[in-house]
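Going by the UniProt record's numbering, the letters in the sequence shown line up with residues 1 to 253, in that order.
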Amino acid sequence: MALRFFIKQWLMPPGILIVLLLAAWWLRLRHPRLALGCFCLGLGGLLLMSLPLVVEQAARRLETEPALTAGDWASLATRADAIVVLGAGRERGDPAWGGADQPSYMALERMRYAAALAKASGLPVLTSGGLHYATPPSEGQLMADGLQQDFGVTVKWKEQASRTTWENAEMSAALLLPQDVRRVVVVTQAWHMQRARWSFERAGFEVVTAPVGFLGRDHARPFAGLIPESRAVWQNAQLLNEAVGLVGYRVFY
Numbered sequence: 001m002a003l004r005f006f007i008k009q010w011l012m013p014p015g016i017l018i019v020l021l022l023a024a025w026w027l028r029l030r031h032p033r034l035a036l037g038c039f040c041l042g043l044g045g046l047l048l049m050s051l052p053l054v055v056e057q058a059a060r061r062l063e064t065e066p067a068l069t070a071g072d073w074a075s076l077a078t079r080a081d082a083i084v085v086l087g088a089g090r091e092r093g094d095p096a097w098g099g100a101d102q103p104s105y106m107a108l109e110r111m112r113y114a115a116a117l118a119k120a121s122g123l124p125v126l127t128s129g130g131l132h133y134a135t136p137p138s139e140g141q142l143m144a145d146g147l148q149q150d151f152g153v154t155v156k157w158k159e160q161a162s163r164t165t166w167e168n169a170e171m172s173a174a175l176l177l178p179q180d181v182r183r184v185v186v187v188t189q190a191w192h193m194q195r196a197r198w199s200f201e202r203a204g205f206e207v208v209t210a211p212v213g214f215l216g217r218d219h220a221r222p223f224a225g226l227i228p229e230s231r232a233v234w235q236n237a238q239l240l241n242e243a244v245g246l247v248g249y250r251v252f253y
């Protein structure tokens with residue numbers, strides 16, 4: 001698992017872009033043209049990844065599922081049997097909470113939306129997410145605890161072994177399908193919803209998509225979003241990882 005993480009981080013931006021810049025420096029004397037190409041690719045890639053405008057345009061191509069409307073909220077109880085919230089990592093040992101691990105900010109965004117949907121519809125909730133950092137508690141447990149303590153929503157099922165979106169779907173199916181729960185509202189980031197829906201439908205579910213955290217909207221930045229920002233690097237890395245995941249899932253699953 002650690003080796004896979006190491007390889008992935010250097011094959012995906014910004015890791016691969018740093019490798020290109022290092023290669024440019026290494027090749028600068030013996031192969032100046034190749035070095036120039038590596039330098040332009042590395043620096044150009046870093047520049048593009050740092051632009052909010054690129055985040056907005058890339059997200060629009062991934063965020064194909066529309067947001068739920070107020071009318072959709074009211075009808076969820078007739079369209080689905082349960083709400084499934086997908087994990088999104090965790091933050092380790094926050095001193096503000098007595099050293100306890102906490103859901104990541106993306107997980108909190110999903111939890112908040114799932115709690116609102118659960119209260120509006122009365123549907124039961126499943127949290128899905130395994131061991132992040134290979135140590136307990138699981139993402140599923142952290143989200144269940146947070147939904148109860150912070151939002152007053154009791155979680156009925158906890159899936160605590162999945163490591164990928166595909167496993168989110170398969171392991172949720174193992175819990176829900178035997179109980180004749182076949183129609184689910186899936187809550188995840190808008191840019192992740194294509195892959196989530198694809199996975200859950202192939203696991204045997206009818207899916208109502210409930211995307212949250214849209215990035216493909218007006219970025220509201222000055223200078224048309226053409227000024228580099230550190231946050232945009234992280235967001236573009238997430239979007240690129242998602243695009244690669246969409247292709248990879250169709251090849252391997």
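Note that beta-carbon positions come from the ideal geometry of N, C-alpha and C, so glycine has one too.
So the candidates are the options; which of them puts its Cα closest to the Cα of residue i?
{"i": "Pro178", "options": "Ala161, Ala196, Trp157 and Trp166", "result": "Trp157"}
{"i": "His219", "options": "Ala232, Val208, Val212 and Pro211", "result": "Ala232"}
{"i": "residue 313", "options": "Phe223, Pro103, Glu229 and Gln194", "result": "Because the chain here runs from 1 to 253, residue 313 falls outside it and cannot be looked at."}
{"i": "Tyr105", "options": "Thr127, Ala82, Met143 and Asp81", "result": "Met143"}
{"i": "Leu176", "options": "Ile7, Val84 and Val212", "result": "Val84"}
{"i": "Phe214", "options": "Gly129, Arg60, Met49 and Gly146", "result": "Arg60"}
{"i": "Glu229", "options": "Trp10, Leu51, Leu246 and Phe39", "result": "Leu51"}
{"i": "Arg4", "options": "Arg163, Asp180 and Leu246", "result": "Arg163"}
{"i": "Leu68", "options": "Ala96, Val212 and Val125", "result": "Val212"}
{"i": "Ala107", "options": "Asp94, Arg90, Gly98 and Gly99", "result": "Arg90"}
{"i": "Gly129", "options": "Ala2, Thr165, Gln9 and Leu239", "result": "Thr165"}
{"i": "Leu147", "options": "Asp180, Ala174 and Met111", "result": "Met111"}
{"i": "Val153", "options": "Ala174, Val125 and Gln160", "result": "Val125"}
State the Cα-Cα distance for the pair residue i and residue j, rounded to the nearest angstrom.
{"i": "Ile227", "j": "Leu27", "result": "30 Å"}
{"i": "Gln57", "j": "Val207", "result": "26 Å"}
{"i": "Arg33", "j": "Leu20", "result": "13 Å"}
{"i": "Gly87", "j": "Thr135", "result": "15 Å"}
{"i": "Ile16", "j": "Leu22", "result": "10 Å"}
{"i": "Arg250", "j": "Arg197", "result": "13 Å"}
{"i": "Val185", "j": "Leu131", "result": "23 Å"}
{"i": "Ile18", "j": "Leu46", "result": "9 Å"}
{"i": "Pro14", "j": "Ala237", "result": "7 Å"}
{"i": "Trp191", "j": "Trp73", "result": "21 Å"}
{"i": "Met49", "j": "Thr78", "result": "42 Å"}
{"i": "Asp145", "j": "Thr127", "result": "10 Å"}
{"i": "Leu53", "j": "Glu109", "result": "23 Å"}
{"i": "Val155", "j": "Leu41", "result": "47 Å"}
{"i": "Asn241", "j": "Met12", "result": "8 Å"}
{"i": "Gly216", "j": "Val187", "result": "17 Å"}
{"i": "Phe39", "j": "Ala24", "result": "5 Å"}
{"i": "Leu36", "j": "Gly44", "result": "12 Å"}
{"i": "Glu167", "j": "His31", "result": "45 Å"}
{"i": "Leu76", "j": "Ala120", "result": "8 Å"}
{"i": "Ala96", "j": "Glu139", "result": "19 Å"}
{"i": "Gly245", "j": "Ser172", "result": "20 Å"}
{"i": "Gln102", "j": "Gln141", "result": "10 Å"}
{"i": "Leu29", "j": "Gly93", "result": "47 Å"}
DSSP three-state label for residue i, please.
{"i": "Ala203", "result": "coil"}
{"i": "Ala88", "result": "coil"}
{"i": "Gln141", "result": "helix"}
{"i": "Arg30", "result": "coil"}
{"i": "Thr64", "result": "coil"}
{"i": "Ala210", "result": "strand"}
{"i": "Arg217", "result": "coil"}
{"i": "Val153", "result": "coil"}
{"i": "Arg182", "result": "coil"}
{"i": "Tyr249", "result": "helix"}
{"i": "Glu242", "result": "helix"}
{"i": "Leu226", "result": "coil"}
{"i": "Ala80", "result": "coil"}
{"i": "Leu175", "result": "helix"}
{"i": "Gly71", "result": "helix"}
{"i": "Leu51", "result": "coil"}
{"i": "Pro95", "result": "helix"}
{"i": "Gly122", "result": "coil"}
{"i": "Thr165", "result": "helix"}
For residue i, which beta-bridge partners are listed by DSSP?
{"i": "Pro103", "result": "Arg90"}
{"i": "Lys8", "result": "DSSP output for Lys8 lists no bridge partner at all."}
{"i": "Ser128", "result": "Leu86 and Glu159"}
{"i": "Gln189", "result": "Val212"}
Pop quiz: residue i and residue j are said to be a contact at Cβ under 8 Å. What is the actual Cβ separation, rounded to whole angstroms?
{"i": "Arg182", "j": "Phe200", "result": "With 8 Å as the limit, Arg182 and Phe200 do not qualify as a contact, their Cβ atoms being about 11 Å apart."}
{"i": "Val55", "j": "Gln235", "result": "5 Å"}
{"i": "Ala82", "j": "Leu123", "result": "6 Å"}
{"i": "Ala203", "j": "Ala169", "result": "4 Å"}
{"i": "Ala243", "j": "Leu62", "result": "7 Å"}
Any heavy atom of the ligand HEM closer than 8 Å to the beta-carbon of residue i?
{"i": "Arg163", "result": "As for the ligand HEM, it is missing from this structure, which has no ligand bound."}
Determine, for residue i, whether the minimum Cβ-Cβ distance to residues of chain D falls below 9 Å.
{"i": "Ile18", "result": "Checking the listed chains, one finds no chain D in this structure; it contains a single protein chain."}
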